[in-house]
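Protein chains in written order, with numbering that gives the first Met the number 0: chain S, 0 to 601; chain F, 0 to 546; chain L, 0 to 305; chain A, 0 to 301. Note that the Cβ used here is the ideal one computed from N, Cα and C, for glycine as well.
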Amino acid sequence: MSAGVTSRPTGAATSVGSPAGRSVLEIAGLCVSVRGEDGEREVVSDLSLTLKRGETLCIAGESGSGKSMTALAIMQLLPQPAARISSGMIQLGEIDLATLNERQMQRIRGDRIAMIFQEPMTSLNPVLSIGRQLTESIEAHTDLSSAEARRRAIEALKAVRISEADSRLKQFPHELSGGMRQRVMIAMALALKPDVLIADEPTTALDVTVQGEVLELLRDLQREHGTSIILITHDMGVVAEMADRVIVMRHGRMVEEGKVADIFARPRADYTRELLAAVPRIGTGAGRQDLGQTIPKTLNQVALVDDLHVGFDLRGGFFGQVNRRVHAVEGVSFSIAPHETLALVGESGCGKSTTAKALAGLVPYQGDIVIGGRNLSGLGRDERKAVRRDVQMIFQDPYASLDPRMRVGDLVAEPLLIHGIASKQERRERVATLFERVGLSADQMDLYPHEFSGGQRQRICIARALALRPKLIIADESVSALDVSVQARVLDLLKELQREFGIAYLFISHDMAVVENISDRVAVMYLGQIVEMGTRDQVFSNPRHPYTKRLIEAVPVPDPAKRRPRFARLDQEIPSPTRKIGEPPPKLTLKDVGNGHLVAAS
Amino acid sequence: MKKFLTSTVAASALALMLGMASARAEDAVDPNAKQGGAITVTYKDDVATLDPAIGYDWQNWSMIKSLFDGLMDYEPGTTNLKPDLAESYEIAPDGKTFTFKLRHGVKFHNGREMTADDVKYTIDRVTNPKTQSPGAGFFGSIKGYDDVAAGKTEGLSGITVVDPYTVKFELTRPDATFLHVMAINFSHVVPKEEVEKYGADFGKHPVGTGAFKLAEWTLGQRIVFERNPDYWHKGLPHLDKITFEIGQEPIVALLRLQKGEIDIPGDGIPPAKFQEVMADPEQKARVVVGGQLHTGYVTMNTTMAPFDNVKVRQAVNMAINKDRIVQLINNRAVPANQPLPPSMPGYDKAFKGYPHDVAKAKALLAEAGHPDGFETQLFAMNTDPNPRIAQAIQQDLAAVGIKASIQSLAQANVIAAGGDKAGAPMIWSGGMAWIADFPDPSNFYGPILGCAGAVPGGWNWSWYCNKDLDAKAAEADSVVDPAKAGERDKMWSAIYDKIMADAPWAPVFNEQRFTMKSARMGGADNLYVDPVHIPINYDNVYVNDVQ
Amino acid sequence: MIPYLGRRVMQSLLILLGVSLITFALLYLLPADPVRQIAGRSATPQTVENIRRQLGLDQPFVVQYWHYLMSLLSGDLGRSYIQRSEVTELIVSRLPASLLLMVGAILCELLIGLTMGLIAAVKRGTTTDQTLMVASFVGVSAPQFVVGLLLLYVFAVRLGWFPIGGYGTWRHLVLPSLTMGILGAGWYARMMRSSMIDVLRQDYVRTARAKGLARGAILFRHALPNAILPVVAMIGIDIGIFMGGIVVVESVFGWPGIGQLAWQAIQRVDIPIIMGVTLVSAFAIVLGNLLADIVAPFIDPRIKLR
Amino acid sequence: MTSPIAPDLSATGRLPARPRAGVWRQLLKRRLAVLGLVIVAIVLAGAILAPWLTGYDPNEQMFDGLTLEGAPLPPDAKFWLGTDLLGRDLLTRILYGARTSLIIGIVANGVALLIGTLVGVTAGYFRGWIGSVLMRFTDLMMAFPALLLAICLAAVFEPSLWIVAMVIALVNWVQTARVIYTETSSLSEREFIDAERTIGAGAPRILFRHILPHLLPTIIVWGTLGISTTVLLEATLSYLGIGVQPPTASWGNIIFENQTYFQAAPWLVFFPGAAILALALAFNLIGDALRDILDPTQRGRA
């Protein structure tokens, strides 16, 4: 056993007083099947597990592994009428949940087993106040008066460290930030002190800094209440951080089970090994050659962005005049050299995607964007179109960015067609070459996007971006939606292509580990401005700006032996980039702290 | 002044009467009549106004007659003129001066006594262009009319108030219809002070001298009349109250009548119910049938080819199967062969008209140069049964080779098309058809067959203008002497016979009136088919179920 | 909220201005002459011209419209050509009947439609669901005049449960309301069903179930308020459909509302009344939409009016 | 690669088939849609084959078609659905009336669809002042009570089959425009449209190659549903006496001509009324099924 595990007082958390190790929930031979157009299909097969009191059991796996179905099966919340438990037993104490009817199950849910979901925004009812949603579950399971229920609700909110709990009760979900909402969800789940808490990807939709806070909260609460937790996640970092024991699932079957330290240190199944290998880790970004310490400010830069501003006007007032402005990007400057990968990192709403869109010509901007030595703002329509050939973009969602009604071959050929390159026959040949280059076969050209998997679709997007032989490819969260194993291979492909064609990348991501893996230089964005910029090593090994530090710290380390120290909570919420007209945000100045490592003076 | 013609009231149905009005009017009260009670009458369409100078609709025509009185009136249920607010009148021998002696002690509903000044005010008001009265044209023979109509002056020079109970009218030409004009609604006497008080809203607050006064008017729903206790004609009216319910479909009205909820369906028996009613002896007994001063006809635009050829027009006359059309409307009409309806003085019983003869019609068309017929348009108003009748006519025309397409439009659009010289080749007059304003043959000529109406915006939709006939009409109308009434009627018969020879119209049928009443209604049958009071003569009917 | 209202009122006024302009232009183009209606058949051409001049109908279109607009701004809808009364008075006297009918119809369609939709959504996929949905389609597909005549025949003539038309008591109101409401009920049922099914799929409903709430609480407390929003937005649009339906239904049932007024006015080119009724209807539609928008934030606190 | 890790497997077979593929097949699987199709087929066949299906002329007023008192005849062996008030065979008129209803349904609705799509796409894709102007105009048209507007329009023009169709089109495009507008707006914010822009695609290409194909299901659905609205509106206009001119038969004007007889001769109202209802219902059923099949935003709601 590694020191990391023993350092956590797992067993000592049983303040309820029941003997440690006794099982709370036992699943035996659980099979869940879903009826589809082509008959019934098993999504969970023969799953057995035991959850002990006070323990955190992580179910890990990639999409389609059946982990969420397992959770829903326990709660008897499987989507009706398509999915059903085809066999197996779910034993909560003396009761087999699988045999209960809806009314009996209602008494169990919320009271003895509680559940929190991935997306706190959609999981809370938008039209009911926080207080109403909290008290109703208390009232549903107890005989408490409404005043007492309210007191319990306030207690629960205080327990999840929500300040001014009293007045929060009147608020509605949309008035809270994502992290707040998830805490409300947790408060709701734990208000009745359930035996089991099922958390289905509780932090996936949250920003990484918020994720840290929420995970820590869960851990604290478990210590206090001794609740047993089933934590479902795809993120091996989270697993390492949270789990006592781990179950790895794949295609509805359990691949491996064991103590967290054992799984990470000595994975038995091949799949687990591959999975762990694919996980990007901070500090392993070796293998990239450093481009040198100075940033060459020369004309042969692929792209030069100077004092870029992008804003959106909001209308209001009596005559519908513009009275507020979203300052999405506020004075961003950077340059990208050939062969270079510049990563733009930051949390949601920081303006990194808007920067990308401005560069790709999708939003109007102020400032200068120079591509291959030509300033876009001074160009006519046709010239701009020509310059655009040099900049291509890969989007986050490979399904959404391909027209679902066109054959993928045509999609990849389309850029050539638009720019009048090559004859029909040549185009087809070129497309076939591109397909092979990105690891697809040419005979797949006549299929439609939905006939491919996520990773394949992203390869198609890459092929499409490559078609015009661009100098710069903007990858906007291009691997975030992919499973880790697929992610790893797409990243490899990108690196390969860079080596081969000398393309520069503007790589936009919120995932520090991925960024560390691929980038040459890193720019950290916060509220529309760059707060720190430097080479990968400068930023990762010597982060200077507090926000950068926080971002790096917040990333869960996929190694139970390296669990992080307590994570500092941010006291206030992130300010809004929406401001009244005439009140632009204060401008940060970047200072060179050595070798081109720029840091905003704070 | 020459010798005044004087005469006593004659019983003759057709003669013009002059007269010293007398106690005879009081005598006319039905001895069986019971006093009191209330009845309910329904109408589909809204009552627009109760201002006698303006109201010109089917529904408000007789309502106004019960609220107001004119100098002249007709004996209930007949077309016989009698003095009303006038006690007597004198006509100068040249037929150009009419002097009326007014009845004493006639009071408006507001309590003031009616005098000769009111009569003058009334006629001045009707003819004043500002009043926008649709009836102003009836007074065209009074001296000074043209100046008033042109807006040059406010008051007709031809009306003189001799004393509070005597009023004298001077005309520009002898006018045999003038006494009728004095009996139509437009000349019904209104009190100046009330008109000025309400201004344009006088039509919603009518004050007259009539048998009833307005008690309540809920717009779009209900109008209630109550008995005028001070009515000068002692013993009238019999009813205490009449409630008019507005906005009721005829079919609904009839169903309500069958359930005993109402007394008179103002719009008559709907075609759909007609046979059911007539098949039931009990119900049939409550139906009163009478003639109506109505003719339904098809106009042919005589200025427009091919209808500028008289043979074509005659062919159309022969093509139309009038019996079939009468059948379509459940035999509630009689086929017509001339413009005048049978109950109108001057109707030529000897005239046979054009027979229904398809072969002859085709032959005429061939003679006119249209052996294969031609294409044309037939306009009709878009309310039932007019589109149906138009279709029947269309089929008849098709049988002789005339392909007429139907333009079934809102009333206003058809009228507009008719008033446009190049607007409508043929119009079926139904729904807008000529119901006489007063029972005199001249009423069917002037605006609809004379040159005066053949102007843009006029109502002579056949654009038939025969100067000779205009002169003959003027001649006939100058025969004021009632003794020569028969002669005058013959003159008119000749005019209409000539018109039929020119065939600007194809007369189709004369509608019969079928009024249905509730079982409790009493009074002579002719009160229910009164030629001027439609649907019934409110002043004289009574109910049987009161003490 | 206040600036929002101000802006919306401005927009609404512009819309009403546009409606008045288009209607006025259409009526100007009408190939029927209102003056001939007024002047009557004995009128001489001179009388006709006199009246035309008095009504200002001899003026060019722009001038006529300008005059109309100016008097409109002072709240004057003019006088009816045929009835000679103030159009305002005519409309006001008939408006209560139409409003009553509209309220009755809205009640009918909400009551029938929402209930049907709710049941269908809860029982989706079952025979009940299918039956209800076919019924809703029949409602949507049935012409109002046919429905009206049918109801009249069955319930008034044959069964005698309700009066055969007229106005006054609640019994008079039932059949016309039902006739007007059946169309809307069909739409609402469909809308409610799809909205409800959508809502029942939402994560927060799953959360509510996960909390162990009873079925009723989930349905009525969690799902219904969310599902009702599109329906509320629909009520605003609905008023437009009502305004059209009123012409037919009022004529079938002899209901003394503005629909009958409009229909008679159209028959006789009584331009001031047609203008008045159109403007009042447009106003009702605009107001309905505005109200629906104002109500929305009370149902869904996420919606902010600005 | 021999990695045991979830390979980039093609998910063929698991995902729903290409949306447009087999619309017919899917349509035929739905009982209600089949019912709708059958009704439409019957009406269509009746309209086309009318001259062969009946021995009568629709406009022929037969002497033996009325009683001597002028009453219409109830259904019997000679006149299957009875005769109307002019002594014409009702069945024949209903069959020919189907032509009117279908022509108006298709023409008026087609034109309305065209206008609505043009306005909606233009406003939704280009936004800016042109979008504002178009949508404000659409709002304006929404504020008109449709029937009143149609009545006014019908009064302005001399009614004929085509004019009635145009009037209905002018009134009915508004809803389509709104729906297409919303859909175009959200489509043009979809990532794949952004992706098209980044490869340099111009507005015509994006509109015709990428946006219109996506609007097609909506257009088809609204087109189908719109037919029922159109058929109903035509019937209502005819019912008010301002529709298609007599003697051309239309279901609405058959009822208009005969409505007062609904007690004495209920067949005169019942049969054409049922025909209107059935046709509108049929198109609604088909449209609804198509919406389920084609409209991705609505998918799965059924």
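Handout entry: Contacts that A154 of chain A makes with chain F (C-beta to C-beta distance below 9 Å)
Key = L408, A409, A411 and N412
Exercise for the section: Leaving aside the five residues before and after E138 of chain S along the sequence, list all residues of the same chain whose C-beta is less than 8 Å from its C-beta, in chain order. Expected result: S145 and A148
Exercise for the section: Could you tell me whether the Cβ of R512 of chain F comes closer than 9 Å to any Cβ of chain L? Expected result: no
Exercise for the section: Give the residues of chain F in contact with E233 of chain A, contact being defined as C-beta atoms less than 9 Å apart. Expected result: What E233 of chain A touches in chain F: nothing, since even the nearest Cβ is about 15 Å away.
Handout entry: Cβ pair W250 of chain A, G81 of chain A closer than 9 Å
Key = no
Problem - Opening and closing residue of the beta strand (DSSP E) in which N322 of chain S lies - result: Q320 to I335
Problem - Rounded straight-line distance, which links the Cα of A188 of chain L to that of L113 of chain L - result: 5 Å
Exercise for the section: Just the chain L side, please: which residues come within less than 7 Å of T48 of chain F by C-beta, in chain order? Expected result: Q82 and R83
Exercise for the section: Please work out which residues of its chain come closer than 7 Å, Cβ to Cβ, to I217 of chain L, disregarding the five sequence neighbours upstream and downstream, and give them in chain order. Expected result: V204, A207 and R208
Handout entry: Proximal chain F residues relative to Y260 of chain A, where beta-carbon distance stays under 8 Å
Key = P270 and A271
Practice task
With distances taken Cα to Cα, identify the nearest neighbour of Q326 of chain F among A:T217, A:Q60, A:L206 and A:R30.
Solution key: A:Q60
Practice task
Determine the direct distance from the alpha carbon of I517 of chain S to that of L341 of chain S, and round the result to whole angstroms.
Solution key: 9 Å
Problem - Short-range partners of chain S found in the region 177-209 of chain L, where Cβ spacing is below 9 Å - result: R200, Q201, D202, Y203, V204, R205, T206, A207, R208 and A209
Handout entry: Status (buried if at least 16 other CB within 10 Å, exposed otherwise) for W128 of chain A
Key = exposed
Exercise for the section: For T137 of chain A, decide whether its Cβ has a neighbour in chain S, counting only Cβ atoms nearer than 9 Å. Expected result: no
Practice task
Enumerate in chain order the residues of its own chain whose CB-to-CB distance from G286 of chain S is below 6 Å, with the five nearest sequence positions on each side excluded.
Solution key: Any answer about G286 of chain S is weak, because its pLDDT of 44 lies below 50 and its placement is not dependable; what the coordinates show is given next. If we look at G286 of chain S and ignore the five residues flanking it on each side, it has no Cβ neighbours.
Practice task
Let me know the secondary structure DSSP gives S176 of chain S once reduced to three states.
Solution key: coil
Problem - Proximal residues of chain F, C-beta to C-beta of Y247 of chain L below 7 Å - result: Reading off the sequence shown, one finds Val at residue 247 of chain L, where the question assumed Tyr. The contacting residues do not exist; V247 of chain L stays about 13 Å from chain F at best.
Exercise for the section: Under 8 Å by Cβ, that's how I've got A553 of chain S and T98 of chain S pegged, so tell me the actual separation to the nearest angstrom. Expected result: With 8 Å as the limit, A553 of chain S and T98 of chain S do not qualify as a contact, their Cβ atoms being about 43 Å apart.
Practice task
Could you list which residues in chain L have their beta carbon closer than 8 Å to that of S227 of chain A, in chain order?
Solution key: V139 and S140
Exercise for the section: For S32 of chain S, collect the residues of the same chain with a Cβ closer than 6 Å to its Cβ; drop the 5 residues on either side in sequence, then sort them by chain order. Expected result: E39, E41 and S85
Practice task
Indicate the three-state DSSP secondary structure (helix, strand or coil) for F506 of chain S in the structure shown.
Solution key: strand
Practice task
Using a Cβ-Cβ cut-off of 9 Å, state whether G287 of chain L counts as contacting chain S.
Solution key: no
Handout entry: Residues that S86 of chain S bridges to, as DSSP identifies them
Key = S:C30
Exercise for the section: Using three-state DSSP, classify N374 of chain S as helix, strand or coil. Expected result: strand
Handout entry: Proximal residues, the region 100-120 of chain L versus chain F, C-beta separation under 8 Å
Key = none
Exercise for the section: Verify the contact flag: T46 of chain L, CB atom, against every heavy atom of the ligand HEM, threshold strictly below 8 Å. Expected result: No copy of the ligand HEM appears in this structure; indeed no ligand is present at all.
Practice task
Could you tell me the distance, in whole angstroms, from the CA atom of R23 of chain F to the CA atom of Y73 of chain F?
Solution key: Confidence at R23 of chain F is low in this model, with a pLDDT of 44, below 50, so its placement is unreliable and no value can be given for it.
Problem - Any alpha helix (DSSP H) of 4 or more consecutive residues that is wholly inside the region 89-170 of chain A - result: 89-125, 127-141 and 145-155
Problem - Within chain F, partners of R78 of chain L - CB distance below 8 Å - result: A199
Handout entry: Runs of alpha helix (DSSP H) wholly within the region 203-261 of chain A (minimum 4 residues, chain order)
Key = 211-238 and 250-257
Handout entry: For I129 of chain S, the three-state DSSP class (helix, strand or coil)
Key = helix
Practice task
Would you identify the three-state DSSP class for W60 of chain F, choosing helix, strand or coil?
Solution key: helix
Handout entry: Among S:F116, S:G408 and S:L168, nearest to C460 of chain S - alpha-carbon criterion
Key = S:G408
Exercise for the section: Note down, in chain order, every chain L residue with its Cβ under 8 Å from the Cβ of P125 of chain S. Expected result: Y203, N225, D299, P300 and R301
Exercise for the section: Taking only beta-carbon positions, decide if Q395 of chain S is within less than 9 Å of chain A. Expected result: yes
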